[in-house]
Amino acid sequence: MRRIQFGDMIAPGGVMRKYWWGLPCLVFLASGSVAAGLWLVVAHQNRIRFADDNQRTVVSAQREIATRLQARLRNFSAFAARWEQWGEPTSAEWRFDARLYENNYPECRSIVLTDRDARVRQSLEQSPGSDPTRTPGRVLFSHLTTSERSDLLTATNLGTPIVLPCREHGLDHPSLQVVLPLSHQRRFEGYFVACFDTNLEIQSVSQHLAPGCDLAVYAGNEEIFHRGERAPTRAQAEWMQEATAPYGGQILRTRLWPSASRADAVTSSYAPLAFAAGAGVSLLLAWLAALALANRRRADESTQTNRELQQQIAERLLAEEELQRITAETEVIFASIPSLLIGVDSDGVVTTWNATACRTFGIVSADALGEPLERCGVSWRWEQIAEAVSKCREIGETCSLEHVHFKRVDGSEGVLQLRITPIQFPGGGSHDGLLILGTDITEQQILETQLAQSQKLESIGQLAAGIAHEINTPIQYVGDNTRFLGDAFRDLKGMVDCYEQLLDIAETAGAPAARLEQAKKALADADAPYLMMEIPTAIAQSLEGVERVAHLVRAMKDFSHPGSTEKTPVDINRTIDSTVTVARNEWKYVAEMTLDLDPDLPLVSCLPGELNQVILNMVVNAAHAIGDVVGSNGDKGEIRIRTIRDGDWVEIRIADTGSGMSEEVKNRVFDPFFTTKEVGRGTGQGLSISRAVIIERHGGTINVETALGEGTAFSIRLPIGDSQNHQSEAA
Amino acid sequence: MKREILFVDDEPNVLQGLQRMLRPLRDVWSVQFAEGGAAALKMMAEHRFDVVVSDMRMPGMSGSQLLSAVRDRHPEVIRIILSGQSEKEFILEAVTAAHQFLSKPCEAEVIKATITRACLLRDGVSSPGAQAVASSLKSLPVNPVVYAELCEQLTSDGAPLQKVGQTVAGCLGMSAKVLQLVNSAFFGLPRIVCSPAEAVVLLGADTMKSLTLSCQVFEPYAGDSQEMAWRDALWASSRDGAARAEARAQAKGLDARAVQAAVTAELLRDCGKLVLASQMPEAYAQVRERAPLLGWSAAEREVFGATHGEVGGYLLGLWGLPPAVVDAVIAHSAQDALLACAA
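Chains as they are written, first to last, in the numbering used here: chain C, 28 to 758; chain U, 247 to 589.
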C-alpha cells in the first residue's frame, strides 16, 4: 500500500499549490487571447472590406479598359462597313482616314491594308522603322499559331473583326493587332490590320485607375500590360482580384492587387498574431485540459487515497484498541503470574519486578527497579545466583536453580526454584538481558518432604509386614527349639547328677578302677561343671535374643503401622516404646534411654503414623544434640522420655543432656528449613513438620525449654480427645 | 484321657520345634502334625482330635479354608489359628472359621494355656451335642434393628466411632464378636478389653466396615414373629441387665475395668440361650415350654443335657473373651440353677 503523508492530505489546496504558476498564466493567456481575438475580428472586417474594395476597383478598371478598346474597335468597324458599301477608298480618303487614326490613336503603331492573300498593299507607319514586315509586298500573319489561323479564317468568312496578338511590330513586349476582313459586294478584298502598342494604350487608359494598386492585363495567356512589380509577392497574391471582358474574339483579363506596402500593411502582423493567438488559445486549452486531467487524476487519487486513509485509520484504530486490550491483558497476566519475575538488562540493572516478587521479598518495585541486581535487597545466597547468572550469560541458555533458600520479610526462610533465561530485546544485541523466573516452592518442598516420608513409611510398613511374617516363622521354631533344649538340659542335668552320685557310690562299692577312671576322665574332658553352669545361661540368653528380635519385629510393625489414615486411639506408651526400639541404633552409642511412662495413661486419639514420626524426630534430634557434646570420647548422655496425664491432656516430655540452644536458635527452631546441622545431616524440616503435626493435625502444643550447654526438653501436649470421653463414660 | 491335638503348618521346622517344645506335656497331650490342609483333613477323618492349630498361609489350602472344612465335618473340634501374618485381611477372612487367633512367635506357655483353657471349658459342658453346637457356631444371631442402625452408621461417613461402639454394645451378638476380635493376638493389644464400645474404637472404622459390610460376620435374625418376640425380650432384658449391673457396680465403687467386666458379663449372660435356640430351634421350643415350670437351666439340662450358662461360657471362652467375663457368665448360670433348685 502506498504510504501517504498525513500532512499532505490535510493541507488545503495541495494540488493548486503545486500548479501555482497556472493562475497568472491563465489570466495572462486569457486576456491576451481575448485581445487577440478582438483584434482578429477587427482585422478580419478590414480584410473583407479591403477585398471588396479591390474587387470593385478591378471591375471598374476592367470596364474602363474594355470600353476604350471596344470603342476603337467600333471605329475600325465603321471603316470596314464603308468599304463594304463603297469599295476601296481613294488614296485621298485613305489618307484622310489614316490621318484621323493617327491623331486619335497615338498608340497605334501601324495601319496596313492587304489584298486577299494578306500581302501588304498600303501601309501607314505611325513610327517608321519599327515594323519592317509592314513594307508593301510582304505577307502578314506568318507568325500566327494554328488556332489563331483558324480563328482568322472563321472571322474572314463571317466578315467580323478579330483581335489577334501581334508579334512582328518590333516591340519587346506583346502587342495586339485588330484585323478587319474587308469585302465589297460580298467579295472578299483584303484585310485592314491596325497594330497597336497595347501597353501604351492601356497605360493611358489606366493612368488614373486603381491608385495604390498594381495592375496586369492579359489577352489570352499573354500579358499585354503591367504596372508595378512584375510578379506579386505572397501577401499581394492573397489580395489579388481578377475581372474578364470579351474583346474581338479575345478574352481580356485584368488582374489587380494592392501595392506591396498596402498588402504588407494588411497582412504582415496578421499571421504571427493569428499564430500567437492560436498558440495562446491552444496552450490555454492544453493547460486547461491538462489541469482538468490532473485535477481529475488528483481527485481520483485523493478519493482513493482518502478511502485508503480512512481504511488505514480504521485499521489503526482497531489495531490500537487491540494493542490496548493486549497491553491491559498482558499487565493483568503479568500481575497475576504466581511466579516472581525479575528482568535484568545487559548492565545487570533490574528492569522488571512483578507483584509476586514484591510480595515474596517484601521489596516494592520502586525500590528495586533501576538498581543493580546485587543491590536490590534480596537476601539469598548471592554467590549461587551470581554463578548461575554468569553461566547463563556465558552459554546463552536457560539455567535452573532448584533450591534457592531466601529470607522473607518476617525473617522466615523460604525456598525458590529459579530459572534464569537470557533474553534478547528487540533491536539486536547478544544476550542483552536476563529473565529470572522464580517459584516459591516452600510449601511444595514441605509437602514433598512429608509425602516422601509418608511414602517411605508406607513402603517400610508394607515391607515390615512381609518381613515380620518371614522373621516370625523361624523365630517360632528357634524359640521352640531353644526352650526344648532348656527343658532337655534340665532333664539331662538331673540325669547327669544321678550318674555322678552313682559314680561316687560305685567308687566306694569298689567298682573296677579302670572303668571308674575312664568315667571320671570323660567327665573332666567334658568340663562338666562348666557345661552345667553355662548351658542354662546360653539358653536363657538365646531366648532373650529371640525375645528381642520378636520385640523389634513387633516394634517395626507398630512403628510403620500401614494404612491408618484416620485418628485412632493410640497407646502413647507403646508408640514411644516402639519408636525408641526402632531408633535404637541412633541413640545407643551416645546416650542411655530412660523411659518414665505413666502406666495409667489413657488411649489418645491421634494419627499413629505421624505421631511415631514426631517422636522419632525428637529422639533423633536428642541423640544428635548429645552426640555434639560427648563426641567420640565414649561418655554417654541421657535421653529421658516421660509421659504423664494432665487432666484432659497427655504430655510427652523428651529431654536430653545435649548441647542446648541459644535464644536465637530456639526462636527459629520450628521454622522450615532452619537447621544447625551440617549439610546432608538434617533437612531442617523435622521440627517444622513435627510442629505442624502436633498443632494442626492434633490440636496439641509443642514447646521447647533449653539452656545452652545443659540440654533441651521438648514438651508435646496432646488432647486425649474422643477416647477420653469414652473412658470417662465407661468409668 | 489325653487331649488329642493336631498342628498344621507348611514349615516342618515349626512343627518339629513345636513337637520338641511340647514334649514336657507328653503325658497329658497327644500331639500330631500335618504339613498341609489336605493331610490334616485326612488325619482327622481317621482319628478324633480335640483341638486343631493351623497356620494361616499355606500352599494349597489356607488355614481359614481348612478350619471352615473342619467346622463343617467335625463341629466339636476346637479351632485355633497360629500365624505370623499380621494383615487384618487374613484375620477377617478367618473370623468365622477359627475360635481363637495366636500370633507367631508364640510362647509355649501361651499355647499351652490357650489350649488347656479351651479344653477345660469344653469339659464344663456336660453334653457332647451341646459342645458341638457351641463350637460349630459361626457367630451369634444379632438384633436386626441394631444391625440396621449399625449399617447406617457405618455407611454414612462421619458417624463418630463412639456412637458405633454404643450401638454395638446394645447387641450381645455383636458385642461378643468384637470382643473376640479385639482380644485376639492379631491385634496385639497388651491389655484385655472388656467393653464392646472400646473394642469398636480400637478396631477402628475400617475394620468395623469390613466386618459388617464386606465379610458380613453379623447375621441379623429373621424368623417368625413368635420367635422374634421372644428374642426381642431376651435382647431387651440383656440390655436392661447390663444397665442395672453398671449402676450396681459403680455403686460398689469398683474400678472402671471391673465395672466394664460386670456390665459385659451381664450383657452376655444369656448368649447360651441364643446359641441353643439358633442351632436347635425345635428342641429349644420345648425348653421354652418347660422353663416356667422347671426354670431355664433345669429345662435346658433336661432337653440338651447342658445349661445355657455352660454353653454360653464355653462359647465365650472358645472365642477368647476375658476370663472375668466368661467366668461371670458361667457363674450366673450356676446361680440361676441354684435359684431354680431353691424354688
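Using N, Cα and C, we set each Cβ at its ideal position, and we do this for glycine too.
The structure presented is a predicted model; accordingly, all values stated were derived computationally and were not measured.
Item                                                                                                                                                                                                         : Value
Give the single residue among C:Pro746, C:Leu643, C:Ser202, C:Ala382 whose Cα lies nearest to the Cα of glutamate 250 (chain C).                                                                             : C:Ser202
Which residues, taken in chain order from the stretch 265-298 of chain U, show a beta carbon closer than 8 Å to some beta carbon of chain C?                                                                 : Arg266, Met267, Arg269, Pro270
Would you kindly report the start and end of the unbroken beta strand (DSSP E) that includes isoleucine 743 (chain C)?                                                                                       : 738-746
Compute the distance between the beta-carbons of glutamine 399 (chain U) and cysteine 440 (chain U), then report whether it is under 8 Å.                                                                    : no
Are the beta-carbon atoms of valine 377 (chain C) and leucine 400 (chain C) separated by less than 8 Å?                                                                                                      : yes
Which of helix, strand or coil does DSSP assign to phenylalanine 361 (chain C)?                                                                                                                              : helix
Tell me alanine 249 (chain C)'s beta-bridge partners as DSSP assigns them.                                                                                                                                   : Reading off the sequence shown, one finds glutamate at residue 249 (chain C), where the question assumed alanine. Note: glutamate 249 (chain C) sits in a beta bridge opposite C:Ala246.
Taking Cβ positions, are leucine 514 (chain U) and valine 557 (chain U) nearer each other than 8 Å?                                                                                                          : no
Can you tell me the Cβ-Cβ gap for glycine 738 (chain C) and glycine 685 (chain C), rounded? I've got them flagged as a contact below 8 Å.                                                                    : 5 Å
What would DSSP say about methionine 247 (chain U), mapped onto helix, strand or coil?                                                                                                                       : coil
Closer than 8 Å, CB to CB, is valine 447 (chain U) near chain C or not?                                                                                                                                      : yes
Going by Cα to Cα distance, which pick from C:Thr183, C:Ser174, C:Leu151, C:Trp110 is closest to alanine 145 (chain C)?                                                                                      : C:Thr183
Would you say the stretch 410-426 of chain U touches the stretch 592-605 of chain C, given that touching needs at least three Cβ pairs under 8 Å?                                                            : no
Which word fits threonine 469 (chain C), buried or exposed, when buried means at least 16 other C-beta atoms lie within 10 angstroms of its C-beta?                                                          : buried
Please state the DSSP three-state secondary structure of serine 439 (chain C).                                                                                                                               : coil
Which of the three DSSP states, helix, strand or coil, is assigned to alanine 272 (chain C)?                                                                                                                 : strand
Based on the DSSP output, what are the partners of proline 285 (chain C) in its beta bridges?                                                                                                                : C:Cys240
Where does histidine 554 (chain U) land, buried or exposed, given buried means 16+ other C-beta within 10 angstroms?                                                                                         : buried
Considering just the uninterrupted stretch of the beta strand (DSSP E) at tryptophan 407 (chain C), what are its terminal residues?                                                                          : Tryptophan 407 (chain C) -> no beta strand (DSSP E), and no H or E assigned at all.
Counting Cβ pairs closer than 8 Å, one from the stretch 561-570 of chain U and one from the stretch 329-347 of chain U, do we hit at least three?                                                            : yes
Identify, in the order they occur along the chain, each residue of the same chain with its Cβ nearer than 6 Å to the Cβ of glutamate 395 (chain U), setting aside the five sequence neighbours on each side. : Thr413
Bridge partners for histidine 211 (chain C) per DSSP, in chain order?                                                                                                                                        : C:Arg214
Could you check whether the Cβ of alanine 354 (chain U) sits closer than 8 Å to any Cβ belonging to chain C?                                                                                                 : yes
Can you list the residues of chain C that asparagine 429 (chain U) reaches, using a CB-CB cut of under 9 Å?                                                                                                  : Chain C residues near asparagine 429 (chain U): none, gap ~15 Å exceeds 9 Å.
If glycine 664 (chain C) sits next to isoleucine 653 (chain C), beta carbons under 8 Å apart, how far is it from one beta carbon to the other, in whole angstroms?                                           : 4 Å
Does the beta carbon of valine 260 (chain U) sit closer than 8 Å to a beta carbon anywhere in chain C?                                                                                                       : yes
Sort out for me which residues DSSP pairs aspartate 467 (chain C) with in a bridge.                                                                                                                          : C:Leu443
For valine 277 (chain U), which residues in the same chain have their Cβ closer than 6 Å to its Cβ, ignoring the five residues on either side in sequence?                                                   : Ile251, Leu268
Isoleucine 447 (chain C): beta carbon under 7 Å from a heavy atom of the ligand NAP?                                                                                                                         : The ligand NAP is not part of the structure shown, which contains no ligands of any sort.
When burial is assigned at 16 or more other CB atoms within 10 Å of the CB, is alanine 589 (chain U) buried or exposed?                                                                                      : Confidence is the limiting factor: at alanine 589 (chain U) the pLDDT is only 44, short of 50, which leaves the residue's position unreliable, though a coordinate-based value still follows. Classification of alanine 589 (chain U): exposed, given that the 10 Å Cβ count is below 16.
Just verifying my parser: in three-state terms, what is the DSSP assignment at histidine 320 (chain U)?                                                                                                      : coil
Does DSSP put glycine 726 (chain C) in a helix, a strand or coil?                                                                                                                                            : coil
List the residues that DSSP assigns as beta-bridge partners of alanine 280 (chain U).                                                                                                                        : U:Val254
Can you tell me which of C:Ala321, C:Leu315, C:Glu256 puts its alpha carbon nearest to the alpha carbon of serine 288 (chain C)?                                                                             : C:Glu256
What separation, rounded to the nearest whole angstrom, lies between the Cα atoms of isoleucine 357 (chain U) and alanine 364 (chain U)?                                                                     : 11 Å
So, at 7 Å on beta carbons, what are the nonlocal neighbours of cysteine 193 (chain C) in its own chain, with the 5 sequence-adjacent residues on each side left out?                                        : Ser202, Leu203, Gln204, Cys222
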